[in-house]
Amino acid sequence: ILLVDDPQTRFYRTSIICGAFGGLVAIHLICYTLDGYAFGVAGERLTTRCRIMLFETILKQEVGWFDIPENQPGALVGRLAADVPTLQNMTGRRLASILETFVFIVSSLFIAFFFSWQIALVSLAYFPILVIASVFEMQTWSAEVTRKSVKGASLAQEVFSASKTVSALQAEEYFTDNYTSQALLSRSQILKGVARYALMNAIANSLMGFEFSGVFYVGGILIEKGAISMLQLWRSYSAISFASSSLGYAASFVPDAKKASKAAKAIFEIIHRHPHLQPDHGDFPARSFTGNVVFNNVRFRYPTRKQVPVLK
1 ILLVDDPQTR
11 FYRTSIICGA
21 FGGLVAIHLI
31 CYTLDGYAFG
41 VAGERLTTRC
51 RIMLFETILK
61 QEVGWFDIPE
71 NQPGALVGRL
81 AADVPTLQNM
91 TGRRLASILE
101 TFVFIVSSLF
111 IAFFFSWQIA
121 LVSLAYFPIL
131 VIASVFEMQT
141 WSAEVTRKSV
151 KGASLAQEVF
161 SASKTVSALQ
171 AEEYFTDNYT
181 SQALLSRSQI
191 LKGVARYALM
201 NAIANSLMGF
211 EFSGVFYVGG
221 ILIEKGAISM
231 LQLWRSYSAI
241 SFASSSLGYA
251 ASFVPDAKKA
261 SKAAKAIFEI
271 IHRHPHLQPD
281 HGDFPARSFT
291 GNVVFNNVRF
301 RYPTRKQVPV
311 LK
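Heads up, the sequence shown is in the UniProt record's numbering, so the first residue is 1 and it goes up one at a time.
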C-alpha cells in the first residue's frame, strides 16, 4: 500500500483491508461467544453429573467401607466439595483454551517452516527445555499441598462436628497443633519448593534470550550464504516466537491437568466400586406381609478392626 502513489487507490486498498479485518473480528466475536457457551455448559453438566454419581455411590457402600481412614466423613465431604470441581480444570472453558492454543501452535509452526525450515528447527531445539522448565515451575509442591489439604479437611470436619466436646475438654490448642502438622507444609518443604521454583523460573525466562542468540547466529550465516533473506528470517522467527508463547501458556495448564487427573481417578475409583453387600440383591416377596424376623449366630466386625467385635 505504501508503494502506491495514487491517494485514491491507496485509500481504496486500505479500506478493503480494514473492512476485512473488521469482518474477521466480528466472526471471531461470534465464534468465541458460541465457544464459551458450549464448553461452559458441557463443563457444568459434567461436574453436576459426577457429583450426583459420586454421592449416590457413596450412599450404596457397606458400613465397613466408611471405617477405612481415607473414607472418613471429612475426606468424603472434601471429595464432593473439592475433587469434583477440580475436573473443571480440564473441561469447560479451559478445554476450549487448550484446543485454541493447540491450533495456534500448529499454525505458527507451519508459517515458520514455510518461510525458513532452518530457523524453525533451531528454535524448536529450545522447546523441550522450555516445556520442562515451565512444567516444573508451575507444579512446585502442588501434589504435597493437595494431599495435605485432604487430610486437613478431614480433621477440620471432625473437629467442627464435635466443637462442643472440644471446647468442654479445652483441647483447642491440641487440635490446632494437629491441624498444623497434618494440613500445612513444613519449613523445609517450603524452602525446597521456593528454591526449585526460583531455579525453574530463571531457566524459563533466560531461555528466550538464548533462543534469540542462537536463531540470529544461524540466521546470519544463512543470510551470508544467500540461503534466506532478512525478511524470511524475521517472518520465521516471529511465527516461532508466537508458538513459543503459546507453548508456555499451554504448559501452565499441566499442573491443573495433573490435579484433574488425580481427582478423576479418585472419583471414578469410588464410582466403579461395587459394595461387598448389595442391599438390592436377593429374593423379594411378591406382596407385603407382617411377621417377626429372628437372627441367630450373627457376628459383625469392621474390616479394619477385625479383632474388635461390634455385634455378637
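By construction, the Cβ of each residue, glycine as well, lies at the ideal position given by its N, Cα and C atoms.
Keep in mind the model is a prediction, meaning the values are calculated, not measured.
Is residue i helix, strand or coil by DSSP?
i    : result
P309 : strand
R273 : coil
F127 : helix
F300 : strand
V293 : coil
I30  : helix
H45  : According to the sequence provided, residue 45 is Arg. The question's His does not apply to it. Three-state result, R45: helix.
S161 : helix
I119 : helix
R287 : coil
Hey, out of the options, whose CA is closest to residue i's CA?
i           : options                : result
residue 315 : A286, L95, C50         : The chain is shown only over 1 to 312; residue 315 falls outside these bounds and no answer can be derived.
S229        : G23, L46, I119         : I119
N201        : I129, L29, A264        : I129
T57         : I267, T304, F284, V310 : I267
F210        : G43, E158, G23, A125   : A125
K265        : A20, F127, R79         : R79
V310        : Y179, D67, A42, S116   : D67
I270        : R13, V41, L59, S15     : L59
F212        : S238, Y197, G226       : S238
A263        : L54, T9, T14, F11      : L54
V41         : T91, V77, W65          : T91
Look at the alpha carbon of residue i and the alpha carbon of residue j, and state the distance between them as a whole number of angstroms.
i    : j    : result
A82  : F253 : 18 Å
D283 : V308 : 32 Å
C31  : Y249 : 21 Å
R301 : F160 : 28 Å
R305 : T33  : 56 Å
R299 : V63  : 14 Å
V25  : C18  : 11 Å
D177 : S167 : 15 Å
L222 : M208 : 21 Å
L247 : W117 : 19 Å
F175 : N71  : 20 Å
Q232 : A260 : 42 Å
D6   : G23  : 26 Å
I203 : I132 : 10 Å
A112 : S236 : 4 Å
V122 : V215 : 6 Å
S181 : L155 : 11 Å
Stretch-stretch touch, CB-based, cutoff 8 Å, three pairs: the region 232 to 242 with the region 93 to 112: yes
The region 277 to 297 touching the region 86 to 103, judged by at least three CB pairs closer than 8 Å: no
Contiguous alpha helix (DSSP H) assignments of at least 4 residues, all confined to the region 179 to 256: 187 to 225, 230 to 251
Contact the region 38 to 53 vs the region 83 to 94: 3+ CB pairs below 8 Å: yes
Inside the region 83 to 110 only - beta strand (DSSP E) runs reaching at least 3 residues: none
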